[in-house]
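Structure first, commentary second.
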Ligand SMILES: C[S@@+](CC[C@H](N)C(=O)[O-])C[C@H]1O[C@@H](n2cnc3c(N)ncnc32)[C@H](O)[C@@H]1O
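Residue numbers (this note's numbering): 15 to 249.
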């Protein structure tokens, strides 16, 4: 997302701030030794998914996978699908690499970069079967709401990268973000809501419980899950 500074210059508003989390020795080793197996470098070229996975299968993209436990579990349980995860937090990527290796996965690839830029430059149009965004950073303060990932321009970007009948799954544990998500989608004709539920953690919508969800539940939060279907072609 682009904003203007006081002197009129363009500034990108990102949905994350880079946290300087400490890497464990094994995460550090994984980033070096397992990256060639699972990692995808960022660059200006569009990805060729068939070449990347060594086969042709629907691609499920998870944006902001955190420590990747949910992503690894879904990839292990759905060997017929190809999974691509994007995350900026290095220790999370390191953790996910270790888990993916332990699980012996061949249908998972990871990108360590801003998902918005990856979608813009590396993901071909109409190439994804499903996008999962589980517990995006809620940015609870009003002055930070512009950093929230779910925004009209972002919906347009996701819509253009999903194939016909593509699905977008979102979950949050922040009541105010849930309202924001409902507002943004209700003002757009790019997606139709196929399923929505508010629950106490007992009815996740076609996904395992995530680490951040667990944390929210411990604080007494409720959970909102949505499954949207791509409604219109957008290019
Ligand atoms: C609240 S955490 C949720 C993590 C995980 N999905 C879960 O539920 O446990 C949000 C994650 O999104 C990542 N993130 C935020 N904006 C991102 C972006 N533009 N590109 C890639 N990752 C992003 C953050 O680094 C963070 O790990």
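Idealized CB from N, CA, C, for every residue including glycine.
Only a predicted model underlies this, so the values are computations on that prediction, with no experimental measurement involved.
Could you check whether the Cβ of residue i sits closer than 7 Å to any heavy atom belonging to ligand 1?
i, result
"residue 40", "no"
"residue 184", "no"
"residue 221", "no"
"residue 225", "yes"
"residue 100", "yes"
"residue 67", "no"
"residue 129", "yes"
"residue 11", "Outside the modelled stretch of the chain, which goes from 15 to 249, sits residue 11, for which no answer is possible."
"residue 143", "no"
"residue 151", "yes"
"residue 172", "no"
"residue 79", "yes"
"residue 148", "yes"
"residue 168", "no"
"residue 215", "no"
"residue 28", "yes"
"residue 103", "yes"
"residue 106", "yes"
Could you check if residue i is buried or exposed, using at least 16 other CB atoms within 10 Å of its CB as the buried criterion?
i, result
"residue 214", "exposed"
"residue 62", "exposed"
"residue 94", "exposed"
"residue 141", "buried"
"residue 220", "exposed"
"residue 186", "buried"
"residue 244", "buried"
"residue 29", "buried"
"residue 118", "exposed"
"residue 106", "buried"
"residue 176", "buried"
"residue 77", "buried"
"residue 201", "exposed"
"residue 144", "buried"
From this set, the options, which residue's C-alpha is nearest residue i's C-alpha?
i, options, result
"residue 174", "191, 185 and 133", "133"
"residue 239", "79, 191, 202 and 204", "191"
"residue 69", "122, 77, 113 and 154", "122"
"residue 195", "73, 89, 52 and 166", "166"
"residue 126", "202, 82 and 73", "82"
"residue 55", "197, 31, 100 and 72", "100"
"residue 90", "104, 110 and 77", "110"
"residue 199", "163, 229, 177 and 231", "163"
"residue 210", "58, 27 and 241", "241"
"residue 103", "42, 246 and 58", "42"
"residue 31", "189, 97 and 161", "161"
"residue 98", "139, 73, 92 and 87", "73"
"residue 189", "27, 237 and 64", "237"
"residue 52", "39, 60, 67 and 159", "67"
"residue 230", "124, 26, 152 and 108", "152"
"residue 171", "38, 57 and 138", "138"
"residue 130", "169, 157, 143 and 156", "169"
"residue 35", "87, 108, 59 and 159", "108"
Establish whether the CB of residue i and some CB of chain B are separated by less than 8 Å.
i, result
"residue 122", "Of the protein chains in this structure there is only one, and it is not chain B."
Across the segment 223-233 and the segment 148-157, are there enough close Cβ pairs to call them in contact, namely three or more that are closer than 8 Å? Counting Cβ pairs under 8 Å, three or more are found: they touch.
Ignoring anything shorter than 3 residues or poking outside the segment 36-82, list the beta strand (DSSP E) runs there in chain order. Entirely contained in the segment 36-82, the beta strand (DSSP E) runs reaching 3 residues are, in chain order, 73-77.
Whole runs of the alpha helix (DSSP H) within the segment 172-218, excluding any shorter than 4 residues: Counting only runs of 4 or more, we get 189-200.
Contact the segment 71-88 vs the segment 108-123: 3+ CB pairs below 8 Å: Under the Cβ criterion (8 Å, minimum of three pairs), the segment 71-88 counts as touching the segment 108-123.
Check whether the segment 197-216 and the segment 173-189 are in contact - that is, three or more C-beta pairs closer than 8 Å. Contact between the segment 197-216 and the segment 173-189 is established, with three or more Cβ pairs separated by less than 8 Å.
Contained beta strand (DSSP E) runs [length at least 3] in the segment 129-172, N- to C-terminal order: Look at the segment 129-172 and you find these whole runs of beta strand (DSSP E), each 3 residues long or longer: 142-148.
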